Amino acid sequence: MKIFSLQLISRMSFRIRLFLGLILPVIAIQGISISHQALDQKAHFIEGLQTERDLALHFVSEALARPMWDYDSIQIEGLIQSILNEGRTARVQIFDASGTPLYEQQKPDYHPAADDLQASRQITYAIGDQLHVLGTLELTHTLSTVKKLLNKDLLGHIGSSLFVLFMIGLVIYLVLQRLSRPIEALTQTLIDMRHDDFDGPIPGLERRDEIGLMAQALHQLSQNKLEVAELRDQNDESARRANRRINRALQSTRDGVLLVDETGEVVLCNPNAEQFFGDAQVGRQLNLHSWLPENLASHTEETIKKNESFSFETTTTHNRSQQRLNLLVRGGPIRDEHGHYLGAMLLASDHSDQARQAERVRFLAEHDSLTGLPNRRLMEQTLTTWLQDDSDEVSILLADLDHFKQINDTLGHPAGDALLQVVARKFEACTSSYVTAARLGGDEFAILVRGNDSQKRMSNIANRLVEEMAQPQEVNGQVLHTGMSAGIATLSGPQSTPSEGIRRADLALYEAKRGGRGMVEIFHEDLETIIKRKSLLERELRAALTEGDIRPVFQIQTDLGSGQIIGFETLARWHHRQLGSISPAEFIPIAEDSGLIRDLTYQIMIQAFHTAARWHDAGFQGRVAVNLSPKLFGTQVDEFVNDCLFETNCPASAVEAEITETVVLASGQSALREIQALQELGVTVALDDFGMGYSSLSYLQKFPVDKIKVDAAFVSKLPESEETRAIVSAIAKLGHALGMRVTGEGAETDEHRLLLKACGVDYLQGYFDGPPLTERAATARLFPGRQSRSLRG
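Under the numbering used here, the first residue of the sequence shown carries the number 3, and numbering increases by one thereafter.
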């Protein structure tokens, strides 16, 4: 039998023997693995069954204690039946304390076996501290359920193992088949070489394993006559590869590479060189004049003739795309090892992307990112350039939008940005070769116009833009109401400076806004005087506030029905030692613009509140009114007033705060909250200059005020205008309907008084009752029979 087996193996092919040598150990290992897994699985199943049995013993013995104590056989049998139905328990036995069987039940299909798992546990019942042993519970679990699971699991393992063995065998077979092919090829090569019938390559030479060694050994046998030819072929292939690499590199590079011989004929020209260097081609003479400016081409030719190196930048047109290219061209002579001139080489690098990026950076540095208009820097550069031309004058327009902050605050910055883009398009539409527009920042725009009639043309442009911006603007589906103010200045000659022109245009713009907005103002020399006086008054106002030169006066307010004094309005007066009396209409706007309004209001309020406190202590039940600037709102003006009341010990009921509707226009909802806070302090709030503002009737619903004051412009027209009388009557009725009292300002004659009374107005204020009074004079008017000294005391 052994001899037969050896003979059988010897007849097998090398491939089959190798296959069996590999697959049989795998089958043995897989069988051992399956056996080990079956044993391990059986141990786990038995351990799980024992755990289940112990848990069942514990819980069932606890559950049987009370029924056995009560001799409740029905409940005991129910518990036994439930454990047989729900678990893997095959038999349940209960013995009494002496070991006598009481109950025994088992599953119908249960047959006792030697390997059954049995366990018992005492059944005890505790009464107080005494523990009574009632009997013993014995449970039997059969291993038949485990065997079924084990057999099922074993079949699964055997199936998967057979599949794995099949796959392993298939892979081994395919690998061995692939490995045996080169051996068969080498065997056939040996046969062919033995018969001198071989003239092809040795198979397997490229391999680095034992088969490769065999192939190399065969290869050595055929090297005698082929070795020299093969070496020569290898050298030729290396040279061809080197040439291919050079040609590939020349074709792949982004640079243009061109070589000319000593006669100027092109001997090498890569594709980019054909595009960069005009009509350059191999075999043609290099013609620099076809793509370079005449002077640069001539200079480069002279440099090449002198065998010198050169470098320059130029722009040319791409032969195929017609795109403008920015080229850096470098070149120099080519010499051999003995220094003999062989020709020249030219290299061209396309810097168009860098040039475009630089142009983009320059554009961003000189233009506004939101609108694309030139920015302040480019505008000033353009202005400087234009001023260098003695023959032209240049006009400058500065403009900004009216109520732009309100649009940003109410509708958000996206709406504001969209409006700025609309305005930019209007400004851009005005541009030409002699007109340029710019955005300076925020809502500020500028226009430059050059030429002898620049101011006239600029005025036409400015008036047209102001007129267009006065119309409602539709922006992203929203209709926005804004406006524009503009200032114009004109310069000429190189001695003028951009800063001077911008300063003058800014002065004109300030004057346009001060004149009521929506206007165009042209700079004139009087504006210099106005600005200088403003600067002087600002300096003097600071000194006056430090020295306490601003004093209050009090204008009487009377009841039109009884003629009794019901209050006073506090007015600020400033008498300068050199300049004389300065009108509040002049110095109050300066205080607002310079940030001094809070200090000015503080000084006036402190003096007025002291006076109001003294009058209140003397029995006067009326109020002293003080004006609150819109600039104070948004900075917790209610706390500011309350601090002044506390400092002067003045009751809030003796004070009235006068505001204008521009408070809400400037500060929005925050101002309304501060007005309500003032009223919560006990301060009466009056709406001043009613009828002359933005939309007075609509704002009556928003202002939580106690009193409205009809503007003096209406009162002055009462005698000659029925329309004005109708308006004042309507204001009075509307105020009364809203629970407000109405005061007529600026009443100077008895006719004014009678007409105001006829219109239903409640109170009168004006020169009819006399000019504004000092504290002493007002006290004497208010308390004619008392000494002012006693009131001060």
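The beta-carbon is built from N, C-alpha and C at its ideal position, and this holds for glycine as well. Predicted model, so just to flag it, every value in this text is computed and none were measured.
Continuous alpha helix (DSSP H) stretch holding residue i: start and end
{"i": "residue 646", "result": "639-650"}
{"i": "residue 93", "result": "Taken as a continuous stretch (DSSP letters only), residue 93 belongs to no alpha helix (DSSP H), being part of the beta strand (DSSP E) at 91-98."}
{"i": "residue 425", "result": "415-430"}
{"i": "residue 84", "result": "75-88"}
{"i": "residue 274", "result": "273-278"}
{"i": "residue 405", "result": "Run containing residue 405: none; DSSP gives neither H nor E here."}
{"i": "residue 599", "result": "599-619"}
{"i": "residue 512", "result": "500-516"}
{"i": "residue 139", "result": "Looking at the DSSP string, residue 139 is not in any alpha helix (DSSP H); the run it does join, the beta strand (DSSP E), is 132-143."}
{"i": "residue 209", "result": "Counting along the chain, residue 209 falls outside any alpha helix (DSSP H), and DSSP gives it neither H nor E."}
{"i": "residue 440", "result": "Unbroken run through residue 440 is the beta strand (DSSP E), 437-443; no alpha helix (DSSP H)."}
{"i": "residue 302", "result": "296-307"}
Counted within 10 angstroms of its Cβ, other Cβ atoms place residue i as buried (16 or more) or exposed
{"i": "residue 778", "result": "exposed"}
{"i": "residue 648", "result": "exposed"}
{"i": "residue 792", "result": "Caution applies to residue 792, whose pLDDT of 49 falls short of 50 and renders its modelled position unreliable; the value that the coordinates give is listed next. That one is exposed."}
{"i": "residue 503", "result": "buried"}
{"i": "residue 339", "result": "exposed"}
{"i": "residue 635", "result": "buried"}
{"i": "residue 35", "result": "exposed"}
{"i": "residue 18", "result": "exposed"}
{"i": "residue 542", "result": "buried"}
{"i": "residue 269", "result": "exposed"}
{"i": "residue 690", "result": "buried"}
{"i": "residue 742", "result": "buried"}
Residues that DSSP places opposite residue i in a beta bridge
{"i": "residue 579", "result": "According to DSSP, residue 579 bridges with nothing at all."}
{"i": "residue 350", "result": "258, 331"}
{"i": "residue 376", "result": "369"}
{"i": "residue 396", "result": "452, 493"}
{"i": "residue 560", "result": "567, 766"}
{"i": "residue 157", "result": "According to DSSP, which records beta bridges pairwise, residue 157 is partnered with nothing at all."}
{"i": "residue 629", "result": "660"}
{"i": "residue 480", "result": "477"}
{"i": "residue 263", "result": "345"}
{"i": "residue 103", "result": "97"}
{"i": "residue 553", "result": "575"}
{"i": "residue 315", "result": "330"}
{"i": "residue 35", "result": "None, per the DSSP bridge assignment."}
Separation of residue j from residue i, as counted between CA atoms
{"i": "residue 416", "j": "residue 518", "result": "28 Å"}
{"i": "residue 294", "j": "residue 302", "result": "9 Å"}
{"i": "residue 207", "j": "residue 218", "result": "6 Å"}
{"i": "residue 228", "j": "residue 260", "result": "Because the pLDDT at residue 228 is just 48, under 50, the model does not fix this residue reliably, and the value given afterwards should be weighed accordingly. Using only the alpha carbons, I get a separation of about 42 Å."}
{"i": "residue 398", "j": "residue 474", "result": "26 Å"}
{"i": "residue 612", "j": "residue 651", "result": "8 Å"}
{"i": "residue 629", "j": "residue 761", "result": "26 Å"}
{"i": "residue 395", "j": "residue 405", "result": "33 Å"}
{"i": "residue 264", "j": "residue 346", "result": "7 Å"}
{"i": "residue 185", "j": "residue 174", "result": "17 Å"}
{"i": "residue 586", "j": "residue 576", "result": "8 Å"}
{"i": "residue 422", "j": "residue 523", "result": "22 Å"}
{"i": "residue 675", "j": "residue 774", "result": "32 Å"}
{"i": "residue 609", "j": "residue 723", "result": "40 Å"}
{"i": "residue 84", "j": "residue 104", "result": "18 Å"}
{"i": "residue 364", "j": "residue 433", "result": "21 Å"}
{"i": "residue 271", "j": "residue 262", "result": "9 Å"}
{"i": "residue 166", "j": "residue 250", "result": "52 Å"}
{"i": "residue 714", "j": "residue 461", "result": "35 Å"}
{"i": "residue 63", "j": "residue 38", "result": "38 Å"}
{"i": "residue 660", "j": "residue 369", "result": "46 Å"}
{"i": "residue 377", "j": "residue 573", "result": "45 Å"}
{"i": "residue 160", "j": "residue 31", "result": "13 Å"}
{"i": "residue 495", "j": "residue 389", "result": "5 Å"}
{"i": "residue 801", "j": "residue 79", "result": "What is shown of the chain runs 3 to 795, which leaves residue 801 out entirely."}
Heavy atom of the ligand GTP within 7 Å of residue i beta-carbon
{"i": "residue 410", "result": "Here there are no bound small molecules, and the ligand GTP is not part of this structure."}
Residue i, enclosing beta strand (DSSP E) - first and last residue
{"i": "residue 687", "result": "686-692"}
{"i": "residue 672", "result": "No beta strand (DSSP E) contains residue 672, which is instead part of the alpha helix (DSSP H) from 671-683."}
{"i": "residue 127", "result": "119-129"}
{"i": "residue 523", "result": "522-524"}
{"i": "residue 591", "result": "First-last for residue 591: 586-596, but that is the alpha helix (DSSP H), not the beta strand (DSSP E)."}
**OP:** Within the region 712-781, note down every full beta strand (DSSP E) run reaching 3 residues or more, in order along the chain.
**Re:** Within the region 712-781, the runs of beta strand (DSSP E) that reach at least 3 residues and sit entirely inside it are, in chain order, 743-747, 765-767.
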